[in-house]
Structures are given as C-alpha cells and as structure tokens.
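This report refers to the structure that appears directly beneath it.
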Amino acid sequence: MAFSKDFWQGVRDGTPFILVILPFGAVFGVVATEAGLNVAQVMGFSVLVIAGAAQFVAVQMMVDNAPVLIVLAASLAVNLRMAMYSASLAPHLGKISWWQRGVVSYFMVDQAYAASILKYEQTPDMTPQRKMSYYFGVITPICPVWYLATWAGAALGTAVPAGLPIDFAVPITFLALIVPMLRTLAHVAAAMASILGVLVFAFLPFNLGLLLAALLAMMAGAEVERRLALRRQA
Amino acid sequence: MSFSTAQIWTIIIGLGLGSYLLRLSFLGIIGNRDLPEWVLRHLRYTAVAVMPGMITPLILFPQATDGTLDPVRLGAAAATIAISFLTRNATLTIFGGAAVLFALHFAIH
C-alpha cells in the first residue's frame, strides 16, 4: 500500500484525536495500576482489547470483585456497538481483501469509524482501496498514541495530578465528531432518539440501554429518511 | 481486587478476542456481498444513533462528580457544540472545548 493522498488526508484528520487519546490512555494506565494490575496486564488490555470504554468497565468491575463471566459480559456489551460499526463499514470496505479487512477490524475504534464514515459519505466516489488508505491514515496517529499513553500512565502511576477534569476529554471529542454528522433532519432525529432512549432505558444493566437506544435511533433515522423521500416524490 | 493472575489474563484475552470478533463480524462475513436497501438505510444512522447515547450520561452524570450535574462540564459541552457548529472543524472544536473546560474549571475551583 503506497502512502497515497488519501492516507495523508486521513493522518491529518486523525491527528486532533491525539488530544483525547493521550489523557484517556494515561488515565486508563493510572486507574488499572491503582486497581492492582501490573504493567504487562495493563498493556495486555490496551493492545488486545484496544477499546477504552470497555477497558474502563472491565477494570471497574474487577475492582468490585464481580465474577469473571460477569466482567466479560458487561465489558463486551459496551463493545457491541463495534458490530454496528462493522456492519456500517461493510458496504464501503467489504470489497478489499480478507486480510486487509482483518487488520481494519483490529483497529476499529470510535474515532477511526466516525472520521471514516463521515469522509465516505461526503465523497461517495472513492474506491474501496482509497477508502482503506484513508482509514489507515486516520488510525496511524491514534492507535500508537493509545499504547504509549497507557504505558506512560501505568509507569507514572499516581503522578498525574488529581482533580483535573480530564475525564471530559472523551465527550469533547465525541461532540466534535457528532455535530458535523447532523446534516439532515433524519440524522438529527436519530441523535435525539439516541439521547432520549439512553435516558429512558438507563435502568437496564450491562449497558443494554445504550444498545436498545441505538437500535431505536437507527430506526428513527431510517424512517424519517423514508418519509422525506416519499414527500419529495409526491 | 481478589483475582488470580490466570483470572486476570482470562478476562484480558476473552475481552480482546470477543471485541475482535464483534469488529470482524459484518466486515468479515458479509464481505463483498450487497446488502438490501432497507438495511443500508438503517446503517447510515449507526454513528448518530450510538455516539450521542454514549456521551449523554458522561455529560449529565459524570462519575468524577459522583453523578451530579456539573456546571464546568455542562458549560464545556455547550461551548464545544457551539464551536463545532460555527467552525465545522474538529481540531478547532477539540482545542476550543478543552480551553473552555479548563477555563471554567480554574474559574470555579
């Protein structure tokens, strides 16, 4: 794979996420170390799981001494959204070779998915190869920083100053990702349904509320799109 | 935490393997087959259906404040939305949102 224009565009679009990945990874390193994991185990999480939110849920439940199976079920539930991302990327990247799809799958993190799907929707004439180059461009500044930041957090331990609101780095990046996506009434309807749904179903265990809210929100978006198309035909 | 080394690695490897299979699921199995139009129509809304729901509790009930509404975080969220809407630029939005977050933090605490 040559480092094409699409690859470098991806690198440029992925670079701002370093600002979030850095504190997020470092905080995970610190929290996991404080919970009693050694550096190898902390890095095992970040390299093998490579999904911050699920890693935090797993460590939190381990601190609470939940049974191994419950820890696994709860943290995998957080990552069920990855199956939705996988389905959403399939129409764009389904035609690249199987091993490339295998690599794309390993690096499927929220930021890579969100940046790529936005790019694919804005430039629908991209070939699957160009789409893949862009995707690998986005993850290039993100994933290595995730490993390094986690390691630094685990090595430095509690040297990170307490009381700073660094937890909020996560919502800030996600907002920077979501707002540009609200291009049509259907997208706005889906986002609203997602927010309402997650509040209504907050009582459900294992993050099932988020999954239910996401499914209903996808249906809301699709239904609004269908009705708007019908009205345009009439 | 009272886990043996074997139990800790069981969790790490199990979560890693399970997460990978979730990521590979549709991309690996469906591959180059075409999906029906109604499925594609739903998939177009995956990102806007998942992400707002993911961050809503983080904004309204942050763990760092024991789940109570926090003016610093609420203000930073509102500013981030406004900057993103006005600039349509992710880099500016992230820098701007972080600047407002820390400005409010040091102004209030």
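Top to bottom, those sequences are chains A and B.
Residue 44 is where the first sequence starts when you use my numbering, and the numbers rise one by one after that.
Residue 565 is where the second sequence starts when you use my numbering, and the numbers rise one by one after that.
Cβ atoms here follow ideal geometry from the backbone N, Cα and C, with glycine treated the same way.
Local Cβ density within 10 Å of residue i, reported as buried at 16 or more and exposed below that
| i | result |
| --- | --- |
| L112 of chain A | exposed |
| A101 of chain A | buried |
| S118 of chain A | buried |
| F60 of chain A | buried |
| L633 of chain B | exposed |
| L254 of chain A | buried |
| L581 of chain B | exposed |
| S568 of chain B | exposed |
| G53 of chain A | buried |
| H230 of chain A | buried |
| E268 of chain A | buried |
| W602 of chain B | exposed |
| T170 of chain A | exposed |
| M104 of chain A | buried |
| L271 of chain A | exposed |
| G252 of chain A | buried |
| P184 of chain A | buried |
| K162 of chain A | buried |
Residue-level contact to chain A via CB, residue i, 9 Å cutoff
| i | result |
| --- | --- |
| P635 of chain B | no |
| A671 of chain B | no |
| T632 of chain B | no |
| A613 of chain B | yes |
| A667 of chain B | no |
Beta-carbon spacing of residue i, residue j below 9 Å
| i | j | result |
| --- | --- | --- |
| G180 of chain A | R274 of chain A | no |
| I182 of chain A | G72 of chain A | no |
| I139 of chain A | V147 of chain A | yes |
| V222 of chain A | F649 of chain B | yes |
| L80 of chain A | L579 of chain B | no |
| L43 of chain A | V614 of chain B | As shown, chain A starts at 44 and ends at 277. That puts residue 43 of chain A outside it, with no answer to give. |
| A197 of chain A | V63 of chain A | no |
| M565 of chain B | R124 of chain A | no |
| G661 of chain B | I672 of chain B | no |
| W142 of chain A | G595 of chain B | no |
| A75 of chain A | Q98 of chain A | yes |
| K219 of chain A | A236 of chain A | One detail in the question is off: residue 219 of chain A reads as Ala in this sequence, not Lys. Not a contact, by the Cβ cut-off of 9 Å. |
| P635 of chain B | L665 of chain B | no |
| Y128 of chain A | R587 of chain B | yes |
| A215 of chain A | T657 of chain B | Just to set this straight, residue 215 of chain A is Ile in the shown sequence, not Ala. Yes; because the gap between Cβ atoms is below 9 Å, this pair is in contact. |
| S583 of chain B | N122 of chain A | yes |
| F67 of chain A | W189 of chain A | yes |
| Y178 of chain A | A155 of chain A | yes |
| F217 of chain A | C186 of chain A | no |
| A233 of chain A | G264 of chain A | yes |
Beta carbon proximity, residue i to chain B, threshold 9 Å
| i | result |
| --- | --- |
| K162 of chain A | no |
| T76 of chain A | no |
| M261 of chain A | yes |
| P248 of chain A | no |
| G206 of chain A | yes |
| V63 of chain A | yes |
| L251 of chain A | no |
| D153 of chain A | yes |
| L218 of chain A | yes |
| S237 of chain A | yes |
| W194 of chain A | no |
| G13 of chain A | This structure cannot settle anything about residue 13 of chain A, because the visible part of chain A is limited to 44 through 277. |
| Q98 of chain A | yes |
| V287 of chain A | As displayed, chain A neither begins before 44 nor continues past 277, which places residue 287 of chain A out of reach and without an answer. |
| G95 of chain A | no |
| F71 of chain A | no |
| W51 of chain A | no |
| A197 of chain A | no |
| F88 of chain A | yes |
| Q84 of chain A | yes |
| A245 of chain A | yes |
| G137 of chain A | yes |
| L271 of chain A | no |
| L228 of chain A | no |
Would you check if the segment 607-614 of chain B and the segment 130-146 of chain A touch, i.e. whether three or more CB-CB distances between them fall below 8 Å? yes
Would you check if there are 3 or more beta carbon pairs closer than 8 Å linking the segment 185-204 of chain A to the segment 85-104 of chain A? The segment 185-204 of chain A vs the segment 85-104 of chain A: in contact.
Is the segment 210-220 of chain A touching the segment 634-651 of chain B in the sense that three or more CB pairs, one from each, lie closer than 8 Å? In the pairwise beta carbon analysis, the segment 634-651 of chain B is classified as touching the segment 210-220 of chain A: at least three pairs are separated by under 8 Å.
Are there three or more Cβ pairs, one per stretch, closer than 8 Å when the segment 168-177 of chain A is compared with the segment 235-247 of chain A? Verdict: no, contact absent.
Identify each residue in the segment 164-189 of chain A for which the Cβ-Cβ distance to at least one residue of chain D is less than 8 Å, and report them in chain order. Going by chain labels, chain D is absent from the structure shown, which instead holds the protein chains A and B.
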